[in-house]
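Asks:
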Amino acid sequence: EDQVTQSPEALRLQEGESSSLNCSYTVSGLRGLFWYRQDPGKGPEFLFTLYSAGEEKEKERLKATLTKKESFLHITAPKPEDSATYLCAVQANRDDKIIFGKGTRLHILP
Amino acid sequence: DAGITQSPRHKVTETGTPVTLRCHQTENHRYMYWYRQDPGHGLRLIHYSYGVKDTDKGEVSDGYSVSRSKTEDFLLTLESATSSQTSVYFCATAGLQETQYFGPGTRLLVL
């Protein structure tokens, strides 16, 4: 069964304190792994798609990496505006659907 | 961002009444999805469509039906709303690439 587990559930950091969010996945044949950001009361906002192990993508203070079993979202020198819930999702080769993890709530303290 | 709108944005209804939520997109995306999001469960797929009049069930489809008569519109219907269907509902679309883009959501309260 395809599965996505995100950790930690919640993370509080001081402004400027770098850290990483983890997304462990089990899927038979990965078509793509997705990262989204969700602010309270809003829909998820697309950040990255990763397709194969070793791939990395960056956007401002965020960098996503992918291995055969997990993905990391690295946050470098975060700012309070980076506070949000970060969602990870995977899609199998055989499927039109994607499966979401439960997310990591990130809070950056000024 | 894909041009996705959802209506209504908020709705309060009573148990047993029918409810229809609408998703409208302007991107001509082939795929459309309905999710619900609940605390402790994350996003769960209800139904999805891979073309006009082509739909399939997701993880939590019981009590819901969908219709897609035009590329741009995807309707979600709760035939007889129950309190367990109180949730936030999100529509998403995807084109030829796999990336899904989400609408702003509909908050539904069933009393």
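Chains A and B are the protein sequences, given in the same order. 53 is the number that my numbering gives to position 53 of the first sequence; each next residue is one higher, with no gaps. 1111 is the number that my numbering gives to position 111 of the second sequence; each next residue is one higher, with no gaps. Even for Gly, the Cβ is constructed at its ideal location relative to N, Cα and C.
Using a Cβ-Cβ distance under 9 Å, would F100 of chain A count as near chain B?
Replies: At least one chain B Cβ lies under 9 Å of F100 of chain A.
Asks: If you follow the beta strand (DSSP E) that T26 of chain A is part of, which residue opens it and which one closes it?
Replies: It spans S19 to T26 - the beta strand (DSSP E) in which T26 of chain A sits, taken as one unbroken run.
Asks: Between the Cα of H1029 of chain B and the Cα atoms of B:S1067, B:T1099 and B:Y1089, which residue gives the shortest distance?
Replies: Ranking B:S1067, B:T1099 and B:Y1089 by Cα distance to H1029 of chain B puts B:T1099 first.
Asks: What whole-angstrom Cβ distance do E15 of chain A and K79 of chain A have, given they're in contact under 8 Å?
Replies: Sure, about 6 Å apart at Cβ, within 8 Å.
Asks: In chain A, which residues lie with their C-beta within 8 Å of the C-beta of Y1064 of chain B?
Replies: Within 8 Å Cβ-Cβ: nothing; Y1064 of chain B doesn't reach chain A, min ~15 Å.
Asks: What does the alpha-carbon distance come out to for the pair A39 of chain A and G1105 of chain B?
Replies: According to the sequence displayed, residue 39 of chain A carries Asp and not Ala. Their backbone Cα atoms lie some 12 Å apart in a straight line.
Asks: Please check the pair T1086 of chain B and L1108 of chain B, which I expect to be a contact at CB under 8 Å, by giving their CB distance rounded to whole angstroms.
Replies: Correct: roughly 6 Å between the Cβ atoms.
Asks: Whose CA, out of A:G29, A:S18, A:T85 and A:E17, lies closest to the CA of F46 of chain A?
Replies: Per the Cα distances, A:T85.
Asks: Report the option in A:R31, A:S24 and A:Q6 whose CA atom is closest to the CA atom of N188 of chain A.
Replies: No statement about residue 188 of chain A is possible, as the shown extent of chain A runs from 1 to 110 and does not include it.
Asks: Can a CB atom of chain A be found closer than 9 Å to the CB of T1086 of chain B?
Replies: By this cut-off, T1086 of chain B is not an interface position.
Asks: Hey, quick one: how far does the beta strand (DSSP E) through Q1100 of chain B stretch, first residue to last?
Replies: From DSSP, the beta strand (DSSP E) with Q1100 of chain B extends over Q1100 to F1102.
Asks: Let me check understanding here. Comparing Cα to Cα, which of B:K1053, B:V1019 and B:S1061 lies closest to F1074 of chain B?
Replies: When each option's Cα is compared against that of F1074 of chain B, the closest is B:K1053.
Asks: Give the C-beta separation of C88 of chain A and Q3 of chain A to the nearest angstrom, bearing in mind that I take them to be a contact with Cβ-Cβ under 8 Å.
Replies: Not quite, the Cβ-Cβ distance comes to about 11 Å (not below 8 Å), so this is no contact.
Asks: Quick one: is the Cβ of H1029 of chain B within less than 8 Å of any heavy atom of the ligand MN?
Replies: Absence of the ligand MN from the depicted structure is noted, as is the absence of any ligand whatsoever, leaving it without description.
Asks: Quick check on D1080 of chain B: does DSSP put it in helix, strand or coil?
Replies: A small correction: the amino acid at residue 1080 of chain B is Ser; Asp does not occupy that position in the sequence shown. Coil, per DSSP.
Asks: Does DSSP put E113 of chain A in a helix, a strand or coil?
Replies: Outside the shown range of chain A, which is 1 to 110, sits residue 113 of chain A, and nothing can be said about it.
Asks: Using a C-beta to C-beta distance shorter than 8 Å, which residues of chain A count as neighbours of G1003 of chain B?
Replies: Result: empty, since nearest Cβ-Cβ is about 13 Å, beyond 8 Å.
Asks: Compare the beta carbon distance of S1065 of chain B and H1041 of chain B with 9 Å and say whether it is the shorter of the two.
Replies: For S1065 of chain B and H1041 of chain B, no; Cβs fall outside 9 Å.
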